[in-house]
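Engineer: Sequences listed follow chains A and B, in order.
Numbering follows the numbering used here, with no gaps: position 267 of the first sequence is 264.
Numbering follows the numbering used here, with no gaps: position 282 of the second sequence is 480.
Yeah, the Cβ is synthetic: ideal placement off N, Cα and C, and Gly gets one too.
In this text the structure is predicted, and so the values were computed from the model without any measurement.
Below you will find the structure I want to go over with you.
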Amino acid sequence: MSRTATTTCLVLVLGGAALLAVLNLALPADAPLHVPTYTVSLAGKYLSYAMLAVAVDLVWGFAGILSLGHAAFFALGGYAIGMYLMRQIGTRGVYGNAILPDFMVFLNWKQLPWYWHGFDNAFFAIVMVLLVPGLLALVFGWLAFRSRVSGVYLSIITQALTYALLLAFFRNDMGFGGNNGLTDFKDVFGIPLHLDATRDGLLAASAVFLAVELLIARYVVTSRFGKVLIAVRDTESRTRFLGYRPEAYKLFVFVLSAVMAGVGGALYVLQVGIINPSEFSPANSIEAVIWVAVGGRGTLVGAVLGAVLVNLGKTYFTGALPELWLFALGALFILVTLLLPDGLLGLARRRPRAAPAGPAPEPEPAE
Amino acid sequence: MILLRVLLLLIAICPLAARADDDPFAGLAGGYEDIRRAVDALALSGNPHAEPAVAALQAGTLFVAPDRSLWIRQDGTLTNARTGDPGTPDGDLKRVRVNNAVRRSIEAAMGALTLFSHDPARRMKAAADLFAQHDAAALPALDRALANEQDPAVRTALQQARAAALLSAGTAPVPDRLAAIAVLRARGDLDASNLLASLSGQPPAVAAAASAAVTAIARVQQLWALVQAVFYGLSLGSVLLLAAAGLAITFGVMGVINMAHGEMVMLGAYTTFVVQQVIATSLPALSGVGVLLAVPAAFLVAGAVGIAIERLLIRFLYGRPLETLLATWGLSLALQQAVRSIFGASNRNVTTPGWMSGAAEWGGLTITFNRLYIIVFAVLVLVALMAVLRFTALGLQMRAVTQNRRMAAAMGIRTPWIDALTFGLGSGVAGMAGVALSQIDNVSPNLGQGYIIDSFMVVVFGGVGNLWGTLVSALTLGIVNKFLEPLAGAVLAKILVLVLLILFIQRKPRGMFPLKGRAVEA
């Protein structure tokens, strides 16, 4: 978590995004260095994944909360912006209904459900992107941390949370498009989404948001607050005996992390153009955890690195060798946990000090 | 016995009954109109030979001899239609012909005639058909059938059919109708209720009795629905129990988070498929018990894989539960893909042996046999698991290692070996669960994934390290789920259960039956 690593990462993210955008816009399509729009969107998708990874790293790496449901916050942010985009379609939908999205017309709904009101307003939708994941995290975290649910138990109930949301969003009655989710978006803030310039702008926005997220996260973990947080991670009961309230620290960072994941989800939906319930699937949340593990837990920069590298690998494998992708991902999980407990950044740093910043070894099982 | 007396009275006053003494067969040798009348007469005659004769007429195997005697040809032999004796008629036989009017009469007659069949099952069916038709015209035949009926079950069915016909006739005296309503009320199913509800133009006393009976039947039906929901709940609970029993060992006793547990279940299901294929090709005689042979096979396969996992992966991660979780998740992905590469992504067909399929009805309760066997199997597995932990040397050593690893090692127990065997046991039980699940679920590479979250919830809800807790928790969750389903729908019920569980874990983080003492402070 050194200053230079963060700076390097910021420069790479912002510079890389700017470079891709410029190469896409400024060069004609047949120029050798031209970057296709597909690649721009792909890069934007990786950056929104990186936001999720930073969010996961914030709670897992610095508060010891292994959330297996963080993709739920990501998806909720995505649904919030997706609802705004749906309302923006207006009469350009298949059924041409000015108020109701296509799937509601298809389901023979006569009225917009109450929770869809206000989403035609961009500002309201953006507030919701922050508020919905944040509120869910607040309620869930308040319940969980107050009763000192921790460790594996917390992981399991976060997984149950995202699983419950997955099932709920699959229902047509929920009013979120059921199985198909929300898609077929036309424009955002009045700008058509399909334009190359919009894509480049979104990539740049993703890079900026990721940079801001990294800076906030870094500020939080290097502050006095962050020191207590790390103490909570390493020995929660000792911190409590020293007079701190671990649940308050955990709750704050959990909510912050959920909001960050939600922003990532919103940018993801803007660039991918679809949000459906499969984003809630527990496998997605666990995959986000492995990005962090690959890059290096508790480093923030490592989370960005891991998210981009693993997703590059995923894009390559699912395109070239689809049979092997799950083997590769599975092997990655196993090898990283067995051989690379500090991730790629840990490998690069070659342990500058004696002890790694991992959690204190817990007692052997069943003793 | 008022009813019986009423019936006897009815028989006595029934004008059609008198014709039974004439030769009802005579008309069959005449013209179409004679044949039609004869069929009608035969239908109500109660003559034991009437049914074969009309059936033969319908099938076109009834012949008339020049002496007007009637013969039924069946499989090349001739029998006298009047007496049922075999014989040889003189002269050429002529087929008895039918026209559409006769055919209609035959069809009406067959329903009543089977009431006098020798086969109780056929009489039962005829009574049920007449109940469904509740046609007043069938009353005389029903009365005659009742007078001769010895079989108590058929008798009840006939009385119900008679009651239905009587109520539909709308001419019977009020006490008879009340008696009929009582009979239908005792029957107590939806058909009876519908019939009672559809009555109209009845005297006030009868209408009141009918509506009271409808209410009573509805109450009984509700009770049955409740019992049925409990059965479905037990069935779901037993599935959860099977899926979670292995996890209760690996997670509950050893504290290992095995996210590949669902894949052990999946391997068990695929083992069942392989065993079935092997038996089908090389030992077809054993096809009925293939499922039983698959149980030990699945235990061994999944157990061996479990031991391999413990030796190669998990033992390096003891004390790091979150890392174990990630590594075993990775393993589960690889196992799924491996099975997908070997067996293909589509569902594999595991057949259910004959003795496991079918269903029994008991009152308003329908019990499907495969569900019943799975409940029994789940209980057996749990009992066996408890017995192993309690009465075998391995179980003793497992418990010793669980309670105090170092002391157990000092007593000469090879703790790493016990770890491997314990993990193998838990995985093997998961494999056996796979055999059961292969009977009710799709055998696909994703089979296990659907159960992993539920299994963890069951174990955590019941209290980690407590097999009884797992049992109570699985059955509770199953029954709660099935009780919520009619109220909220299947998916919403599952969501509600998950939310309730999440809230419950907030209240009692160690489950319903937490282990007491210092061991829990992990």
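When Cβ atoms are compared, which residues of the segment 690 to 702 of chain B fall closer than 8 Å to chain A?
Structural biologist: Per Cβ criterion, the list reads LEU690, LYS692, ILE693, LEU696, VAL697, LEU699, ILE700 and LEU701.
Engineer: Can you pull out the residues from the segment 194 to 215 of chain A whose beta carbon lies closer than 8 Å to at least one beta carbon of chain B?
Structural biologist: Hits within the stretch: zero.
Engineer: With H, G and I counted as helix, E and B as strand and the rest as coil, what does DSSP make of ILE455(B)?
Structural biologist: Coil.
Engineer: Could you work out which residue in LEU490(B), ASN392(B) and LEU623(B) is closest to LEU498(B) when comparing CA atoms only?
Structural biologist: Ranking LEU490(B), ASN392(B) and LEU623(B) by Cα distance to LEU498(B) puts LEU623(B) first.
Engineer: Please report the straight-line C-alpha distance between GLU276(A) and ALA69(A), rounded to a whole angstrom.
Structural biologist: So the two alpha carbons sit approximately 7 Å from each other.
Engineer: Compare the C-beta of MET710(B) with all C-beta atoms of chain A and state if any pair is closer than 8 Å.
Structural biologist: Cβ-Cβ to chain A under 8 Å: no for MET710(B).
Engineer: Look at the Cβ atom of LEU376(B), then the Cβ atom of LEU580(B), and state whether they are nearer than 8 Å.
Structural biologist: No, these two residues do not count as a Cβ contact at 8 Å.
Engineer: Can you have a look at HIS247(B) and say buried or exposed, based on whether 16 or more other CB atoms are within 10 angstroms of its CB?
Structural biologist: Buried is the call here.
Engineer: Output, in chain order, the set of chain B residues within a Cβ distance shorter than 7 Å of GLY283(A).
Structural biologist: Looking at the sequence provided, one finds Ile at residue 283(A) rather than Gly. Simply TRP527.
Engineer: Please determine, among VAL19(A), ARG242(A) and SER220(A), the residue with the shortest C-alpha to C-alpha distance to VAL32(A).
Structural biologist: The shortest Cα separation from VAL32(A) among VAL19(A), ARG242(A) and SER220(A) belongs to VAL19(A).
Engineer: Which residues of chain B have a Cβ atom closer than 8 Å to the Cβ of ILE227(A), listed in chain order?
Structural biologist: Those do not exist, as ILE227(A) stays about 16 Å from chain B at its closest Cβ, beyond 8 Å.
Engineer: Looking at the unbroken beta strand (DSSP E) that takes in ASN278(B), where does it start and where does it end?
Structural biologist: Note, ASN278(B): beta strand (DSSP E), 275 to 278.
Engineer: Hey, how far is the Cα of LYS224(A) from the Cα of THR315(A)?
Structural biologist: The alpha-carbon atoms of LYS224(A) and THR315(A) are separated by roughly 41 Å.
Engineer: From LEU669(B) to PHE173(A), what distance separates their C-alpha atoms?
Structural biologist: Cα to Cα, the separation comes out at about 37 Å.
Engineer: Between LEU335(A) and PRO519(B), what straight-line distance do the alpha-carbon atoms span, to the nearest angstrom?
Structural biologist: Near 13 Å, if we compare the C-alpha coordinates of PRO519(B) and LEU335(A).
Engineer: My output table needs one value for ALA558(B): the three-state DSSP class, helix, strand or coil.
Structural biologist: DSSP places ALA558(B) in strand when its eight states are reduced to three.
Engineer: Measuring alpha carbon to alpha carbon, tell me which residue in ALA411(B), LEU421(B), ASP290(B) and PHE314(B) is nearest PHE681(B).
Structural biologist: Here the closest residue by C-alpha is LEU421(B).
Engineer: List, in chain order, every chain A residue whose beta-carbon is nearer than 9 Å to that of MET655(B).
Structural biologist: Under the 9 Å cutoff, chain A gives ILE153, ILE154 and ALA157.
Engineer: Does GLY12(A) come out as helix, strand or coil in the three-state DSSP assignment?
Structural biologist: In this structure, GLY12(A) counts as helix in the three-state DSSP scheme.
Engineer: Could you check where the alpha helix (DSSP H) with TRP269(B) kicks off and where it finishes?
Structural biologist: Counting along the chain, TRP269(B) falls outside any alpha helix (DSSP H), though it belongs to the beta strand (DSSP E) covering 268 to 272.
Engineer: Along the chain, where does the alpha helix (DSSP H) that runs through VAL352(B) open and close?
Structural biologist: First-last of the alpha helix (DSSP H) with VAL352(B): 350 to 367.
Engineer: Output yes if chain B places a C-beta closer than 8 Å to the C-beta of ARG168(A); else output no.
Structural biologist: Judged by the 8 Å Cβ criterion, ARG168(A) is in contact with chain B.
Engineer: Any C-beta of chain A within less than 9 Å: which residues of the segment 502 to 533 of chain B qualify?
Structural biologist: If the cut-off is 9 Å between Cβ atoms, the segment 502 to 533 of chain B has LEU511, PHE514, LEU515, TYR516, GLY517, ARG518, PRO519, LEU520, GLU521, THR522, LEU523, LEU524, ALA525, THR526, TRP527, GLY528, LEU529, SER530, LEU531, ALA532 and LEU533 near chain A.
Engineer: Using a Cβ-Cβ cutoff of 9 Å, what residues of the segment 534 to 550 of chain B are near chain A? List them in chain order.
Structural biologist: Residues GLN534, GLN535, ALA536, ARG538 and SER539.
Engineer: From SER144(A) to TYR150(A), what distance separates their C-alpha atoms?
Structural biologist: Between SER144(A) and TYR150(A), the C-alpha separation is close to 12 Å.
Engineer: Select from the segment 29 to 57 of chain A all residues with a C-beta closer than 7 Å to any C-beta belonging to chain B, and list them in chain order.
Structural biologist: The segment 29 to 57 of chain A vs chain B, Cβ under 7 Å: nothing.
Engineer: Does the distance from the C-beta atom of ALA77(A) to that of ALA285(A) stay below 8 Å?
Structural biologist: No, Cβ-Cβ distance for ALA77(A) and ALA285(A) is not below 8 Å.
Engineer: Select from the segment 612 to 630 of chain B all residues with a C-beta closer than 9 Å to any C-beta belonging to chain A, and list them in chain order.
Structural biologist: Within the segment 612 to 630 of chain B, the residues whose Cβ lies closer than 9 Å to some Cβ of chain A are ASP617, listed in chain order.
Engineer: Here's the rule I'm using: 16 or more other beta-carbon atoms within 10 Å means buried, otherwise exposed. How should TYR43(A) be labelled?
Structural biologist: By the 10 Å Cβ count, TYR43(A) comes out buried.
Engineer: Compute the Euclidean distance between the alpha carbons of ALA362(B) and PHE329(B), then round it to the nearest angstrom.
Structural biologist: Taking the straight line joining both Cα atoms gives about 6 Å.
Engineer: Chain B beta carbons: is any one of them nearer than 8 Å to that of PRO279(A)?
Structural biologist: Closer than 8 Å to some Cβ of chain B, the Cβ of PRO279(A) qualifies, so yes.
Engineer: Spell out the partners DSSP gives PRO189(A) in its beta bridges.
Structural biologist: ASP184(A).
Engineer: Residues of chain A with a CB under 7 Å from the CB of VAL658(B): which are they?
Structural biologist: Within 7 Å Cβ-Cβ: TYR150 and ILE153.
Engineer: Return the Cβ separation of GLY626(B) and ALA500(B) in integer angstroms, given the expectation that the two are a contact with Cβ distance under 8 Å.
Structural biologist: Correct: roughly 5 Å between the Cβ atoms.
Engineer: Taking THR286(B) as part of the alpha helix (DSSP H), name the residues at either end of that continuous run.
Structural biologist: It is not in any alpha helix (DSSP H) - THR286(B) carries neither H nor E in the DSSP assignment.
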